[in-house]
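In this note's numbering, the protein residues as written are 92 to 280.
Below is one structure, written out as structure tokens; the observations come after it.
Below, the structure is given as structure tokens:
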């Protein structure tokens with residue numbers, strides 16, 4: 092007899108399914124549990140979960156982040172599961188989902204947050220350089236505005252942007268600065 096060992100991903104899926112079933116039953120939700128699939132991402136760095144919709148199969152897949160499970164307390168992770176259940180229910184009902192009025196109504200009923208807290212520190216911070224503007228944004232990956240901030244403007248006031256590499260404190264406001272910081276930091280990038 093071969094003994095099968097369970098992984099943390101198996102644990103995450105099992106706990107999430109159990110919680111989802113309890114939520115569905117407790118709130119008498121018209122969610123088709125059989126049209127709901129579960130997956131775990133080992134790559135996700137900022138979002139605790141997401142819900143994908145396969146319209147051809149009419150199946151919602153809730154993808155949960157392993158790192159979030161490892162860093163959050165269960166109550167916060169379970170709230171993220173409920174957040175994704177709201178999306179799954181929206182997809183099953185209408186084929187669409189978002190964070191609008193319908194989402195907010197059902198999320199309040201399920202005590203699900205509108206947004207889930209990031210579970211890792213951002214790698215980059217974008218900020219407006221205008222003295223009277225406090226706009227900032229964070230990024231976990233080197234997006235286009237991170238690589239070439241001179242091609243973008245502040246969404247609030249229209250001024251120029253600066254990017255900071257959070258680990259090193261290096262900053263730049265042009266594509267050449269991104270390349271220079273990356274080269275200077277080498278393996279510490």
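From the three backbone atoms N, C-alpha and C, an ideal C-beta is built for every residue, glycine too.
Just so we're clear, the structure is a prediction, and the values are computed from it rather than from any experiment.
Can you tell me the Cα-Cα spacing of residue i and residue j, whole angstroms?
i           : j           : result
residue 127 : residue 221 : 47 Å
residue 219 : residue 161 : 34 Å
residue 112 : residue 133 : 24 Å
residue 138 : residue 223 : 31 Å
residue 253 : residue 118 : 47 Å
residue 230 : residue 261 : 15 Å
residue 200 : residue 163 : 22 Å
residue 150 : residue 225 : 42 Å
residue 105 : residue 210 : 21 Å
residue 101 : residue 271 : 43 Å
residue 166 : residue 246 : 34 Å
residue 192 : residue 122 : 19 Å
residue 120 : residue 205 : 19 Å
residue 279 : residue 273 : 9 Å
Any idea which residues DSSP pairs residue i with across the strands?
i           : result
residue 257 : None, per the DSSP bridge assignment.
residue 280 : In the DSSP output, where bridge partners are listed per residue, residue 280 has none listed.
For residue i, which residues in the same chain have their Cβ closer than 6 Å to its Cβ, ignoring the five residues on either side in sequence?
i           : result
residue 178 : 142 and 188
residue 259 : 276
residue 157 : 131 and 133
Taking residue i as part of the beta strand (DSSP E), name the residues at either end of that continuous run.
i           : result
residue 251 : No beta strand (DSSP E) contains residue 251, which DSSP labels as neither H nor E.
residue 230 : 227-230
Which same chain residues, not among the five before or five after residue i, have their C-beta less than 7 Å away from its C-beta?
i           : result
residue 108 : 129
For residue i, I'd like the list of residues in its chain whose CB is within less than 8 Å of its CB, leaving aside the five on either flank, ordered along the chain.
i           : result
residue 140 : 153, 154, 155, 156, 159, 171, 172, 174, 175 and 207
residue 186 : 144 and 146
Just reading off the alpha helix (DSSP H) that residue i is part of, what are its end residues?
i           : result
residue 218 : From DSSP, residue 218 is part of no alpha helix (DSSP H) but of the beta strand (DSSP E) over 215-219.
residue 270 : 266-276
residue 194 : 192-201
residue 236 : 235-238
Runs of alpha helix (DSSP H) wholly within the segment 101-166 (minimum 4 residues, chain order): 157-162
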